[in-house]
Amino acid sequence: MRKIRLPKRFMTGALAAALALTPAMAFTDTEGHWAAASIDKWSQNYGVLQGYEDGTFRPDQSITRGAFAGILDRFLQFQSISAPETFSDTAGTYWESSILKLNAAGVYLGSEGKALPGNTITRQQGVAMVARAFHIDAETTTIPYSDAEQIAGYARPYIAEMSARGWFSEIQDGNFRPTDPLTRAELVSLLNHMIDVLVQESGSHSGDTAGSLLISAPGGAALENMTIAGDLIIAPGVTGEVTLKNVIVQGTIRNFSSITPTVVTESLPEEPADPNEPFDWGIVVVPITPAEGTEQPAGPGIQPSEVYTPGLTTGGTIAYDGKQIPIYEGREASRLGEGDFYWEGDRLVYQGSEFRTRFGIDVSAYQNRASENQTIDWDAVAGDGVEFAMVRVGLRGYSTGAISEDAFYRQNIQGAMDAGIETGVYFFAQAITVEEAIEEADFVIERLRDLNINGPVAYDWEMSNSSYRVYGTPPEMATACAVAFCQRIAEAGYTPMVYAGTYVSYIKYDQGALAPYLSWYPEYKSESSEKLYPTLYYQMDYWQYSSKCSVAGIGGNVDVNLQFLR
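For any residue, its number in our numbering is found by taking its place in the sequence shown, counting from 1, and adding 1255.
Right, dumping it as structure tokens:
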């Protein structure tokens, strides 16, 4: 049996709030409140919520900047501290230590040399501090709120990312209200979305979690025989040993402490093929060596070789990212080039002779939430020249792996079809096994059962960095997942399509195996683009060329596409 020393990972993470004295069950003002369940959880289960001496919790009361710093420090137990003279207005105040610790961690920045500890913290300030505390990197810039222009620049990427992750469930009117005070209930709700289980005491812990797990016990902890469906987060204040035995982390290990976790496993993981590429610890499988005479674990699931036959290559190559990528047979080379497109407003027009084109859009809940009454005016969309629409039907979380519907998929499909727009759908996929890809396809098929769409069904498997659960998936498995999804979709009577950017197209996918399916390729252009055409070697059926187009009937920006037909 070997012990593996895990590298520290400073990634995004999440947790819950520290607000308790009086148990939530005894609060006199939380019954029937929209955040009652979150308040109850963090009081009864973890005893970290603070109420008031009169038995109230005051869920709709605002929080000062100083108290907010105390909450984050109490939970994460930051270790380093900035000099006392960092701020001119903290000396001798109740929250001085917490503010200086958060400043040392790059979380609490202040304004013009002042911490302003007694000021009420706004919603955008609170979100920015939480994001900084857990190193949340923005993977999207889309802000799905009607008042997006009112959000300060420093907070925009954090609000966009947290919105994409579904962490602002209390918002019902389509407005973020960035400068409104952050309430105690809103903070509890946000942090409750971010963490599922809190480990406060040292010792052994087991039992699967539905989301992320945070270890805050200073003495560390031993996790055994469990699957963590989200991230494993180790707080800065943890100084004792953390061990993982027979643990599967489906998200990412986010280590904010100075210790190095230990995984007990029977063999070392394979090194990545590229020595310059860091090994992906985002999905950690650590089986224990079976005792002699005990039953061996079940064999692996469906293998790529059972799903598809590798495509044949031509012998030619494409230069990409310092590598030579093989060219596959069965895929036509692109017939698009310089001079084929020109701008007409914020839309590209094709003027080549090889194809006829159609103009279309793809939409998700972001566009609904940016539109009046959270409803896209599909008649207006059709009147603005949109000929086809791709509607997001659902997604698998890129951290937790949980599958969920797009809140507006049915409304959007019906609206688009009623307006005479050809309508297809896409699913944001994060499958890491063939079984998961089939599960994703079945999820889509079930939701389309009584909707007679007349467009394709797209498999949208994306990866931006190592925070995505699919990071490190071998090309053979990535291809097998795409093929398995498409096969299942085709069996159900729909037309399958694969959405893939340049990296996934070249590095992760066997293009020969995907040749039977429609292709959808994203490469954004602007007025300043040197090459006003898609640069992928292969010809695509659909090209998503911008995410910043205006279309009548839709609030905010929308992705736009051209379909190429012969």
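Beta carbons: idealized from backbone N, C-alpha and C, even for Gly.
On a predicted model such as this, the values are computed, not experimentally measured, just so you know.
K1803 is positioned such that its CB atom lies closer than 8 Å to that of N1812.
Proximity to Y1681 across G1475, A1644, T1285 and I1693 peaks at A1644, based on C-alpha coordinates. The shortest CA-to-CA distance from V1753 to any of T1728, M1795, Q1305 and S1784 is the one to M1795. Straight-line spacing of the CA atoms in E1351 and N1667 works out to 51 Å.
In this structure, G1492 sits near S1471, with a CB-CB distance shorter than 8 Å. Cβ neighbours of L1820 within its own chain (closer than 8 Å, five residues either side excluded): F1610, R1611, T1612 and R1613. Counting every other CB atom within 10 Å of its CB across the protein chains shown gives G1506 a total of 16 or more, marking it as buried. For H1390, no pairing in a beta bridge is given by DSSP. Nearest in C-alpha terms to I1488, of all of Y1776, I1391 and I1580, is I1391. When the five nearest sequence neighbours on each side are left out, the beta carbons in the same chain lying within less than 8 Å of the beta carbon of G1767 are those of P1565, G1566, L1567, T1568, Y1583, E1584, G1585 and R1586, in order along the chain. In this structure the stretch 1314-1334 lies against the stretch 1365-1383, because at least three pairs of beta carbons, one per stretch, are closer than 8 Å. If you compare the alpha carbons of E1677, M1672, R1602 and G1748 with that of R1704, the shortest gap goes to G1748. Contact between the stretch 1779-1799 and the stretch 1728-1747 is absent, with fewer than three C-beta pairs closer than 8 Å. The beta carbon of D1463 lies closer than 6 Å to those of M1481 and T1482 in the same chain, with the five residues before and after it left out.
Taking the Cα positions, D1617 is about 47 Å away from I1336.
A residue is called buried when at least 16 other Cβ atoms come within 10 angstroms of its Cβ; K1578 does not meet this threshold and is exposed.
The Cβ atoms of L1331 and A1388 sit closer than 8 Å to each other. At a Cβ-Cβ threshold of 8 Å, P1516 and L1499 count as neighbours. In the DSSP assignment, S1801 falls within the unbroken beta strand (DSSP E) covering Y1797 to C1804. Under the three-pair Cβ rule at 8 Å, the stretch 1624-1636 counts as touching the stretch 1667-1679. Secondary structure note for D1715: its beta strand (DSSP E) is the uninterrupted segment V1712 to W1716. Relative to the Cα of M1384, the nearest Cα in the group A1410, T1375 and E1456 belongs to A1410. Each of F1282, G1421, N1447 and Y1349 was checked against the Cα of R1624, and the nearest Cα belongs to G1421.
With a cutoff of 8 Å on beta-carbon distance, Y1772 and P1789 are scored as not near each other. When only Cα atoms are considered, A1745 and L1355 end up about 59 Å apart.
For a cut-off of 8 Å, the C-beta gap from T1678 to I1708 is around 5 Å, short enough to register as a contact. Cα atoms of R1378 and A1692: separation of roughly 38 Å, rounded to the nearest angstrom.
Judged by DSSP secondary structure, K1356 falls outside any beta strand (DSSP E) and instead within the alpha helix (DSSP H) spanning E1351 to A1359. DSSP, read as helix, strand or coil, puts N1447 in helix.
Just so you know, the alpha carbons of Y1797 and Y1714 end up roughly 13 Å apart. Remark: C-beta atoms of L1791 and Y1776 approach each other more closely than 8 Å. Under the three-state reduction of DSSP, P1436 is assigned to strand.
In the structure shown, L1331 adopts helical secondary structure according to DSSP, grouped into three states. With a 10 Å radius around the Cβ and a threshold of 16 neighbouring Cβ atoms, W1297 comes out buried. About 10 Å separates the beta carbons of L1478 and V1452, which is beyond the 8 Å limit, so they are not a contact pair. Annotation: the continuous beta strand (DSSP E) that includes N1480 extends over A1476 to I1483.
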